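Report on one structure; see the data block that follows.
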Amino acid sequence: MTTGARAAGAREPQQERSRLTRERLLDATIDALARDGWSSATVAAVAERAGVSRGAAQHHFPTRESLITAALQQIFEDMTESASVAKAELPEGDARVSAAIDRAVELYTGKVFKAALQVWAAAASDPALRRLILPMEDKFAHAAHRMTTSMLDPDGTDPRVHRIAQVTLDLARGLGLADTLSDDSARRAQVVAAWAEMVSAALQTPH
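Each residue of the sequence shown is one higher than the last, beginning at 1 in the UniProt record's numbering.
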């Protein structure tokens, strides 16, 4: 083996370790935001939460701004990816409507949404952060709407579905907010079931 080949082989494990460390730091940042709020997401606190030395953390993210920016990108990538669904996986009839609404609610009730909520709150009084977030939020919102409309109307033939999908997402966001202070799962299940019945009935009415 040549010296160059040995050096390349040595770099690969090092690059993999670096990638894994970065992922741990971003996961820890999202966890910190979701569990303990905006003020907890400092480089030092995140490094401790991730089990990474402060020096290693600062190698990847020299400032809190760079850490938060990368975490934001990860948050919205995760949320946008969650808003993708294969039509082939969809059930039929009323079960499809229930699945669509359940999936929409899941987007707004998980840890990633709770982390995003902390960032949105901070952005309300931080114009620079708001400018950073808005394009990511817009991309996610479009993905969530596409997901919901495609699940409710796989053939794309019902013009009412676009509005129903938006109301569904607004409802899901509200349910997610209600879940931030206490476990709201019991009431949420009742609301989701009632909304699914209403949507199913509406879609069965000729348009």
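Using N, Cα and C, we set each Cβ at its ideal position, and we do this for glycine too.
All of these numbers come straight from a predicted model, not from anything done at the bench.
Collapsed DSSP secondary structure at residue i in the structure displayed
i    : result
L90  : coil
R163 : helix
G174 : helix
D102 : helix
A7   : Its pLDDT being 48, under 50, A7 is placed unreliably by the model, and the measurement read from it follows with that caveat. Helix, per DSSP.
T180 : coil
A83  : coil
T168 : helix
Range covered by the alpha helix (DSSP H) that runs through residue i
i    : result
F113 : K111 to A123
P127 : P127 to L152
S185 : S185 to Q204
Residue environment, residue i, which counts as buried when at least 16 other CB atoms sit within 10 Å
i    : result
L181 : exposed
M198 : exposed
(message) For a minimum of 4 consecutive residues, which ranges assigned as the alpha helix (DSSP H) are wholly contained in the UniProt domain "HTH tetR-type" (19 to 79)?
(response) 43 to 50 and 54 to 60
(request) Could you say if the region 47 to 62 and the region 95 to 103 meet the contact criterion of at least three C-beta pairs nearer than 8 Å? (result) In the pairwise beta carbon analysis, the region 47 to 62 is classified as not touching the region 95 to 103: fewer than three pairs are separated by under 8 Å.
(message) Measuring CB atoms only, is the region 66 to 81 touching the region 35 to 44, in the sense that at least three cross pairs come out at less than 8 Å?
(response) yes
(request) Count the C-beta pairs between the region 113 to 120 and the region 163 to 171 that are closer than 8 Å, then say yes if the count reaches three, no if not. (result) no
(request) May I ask you to verify whether the region 100 to 107 touches the region 165 to 178, counting CB pairs closer than 8 Å and requiring at least 3? (result) yes
(request) Spell out a yes or no on whether the region 18 to 35 and the region 46 to 55 are touching, meaning 3 or more CB-CB pairs, one atom from each, closer than 8 Å. (result) Cβ pair count under 8 Å is three or more, so yes.
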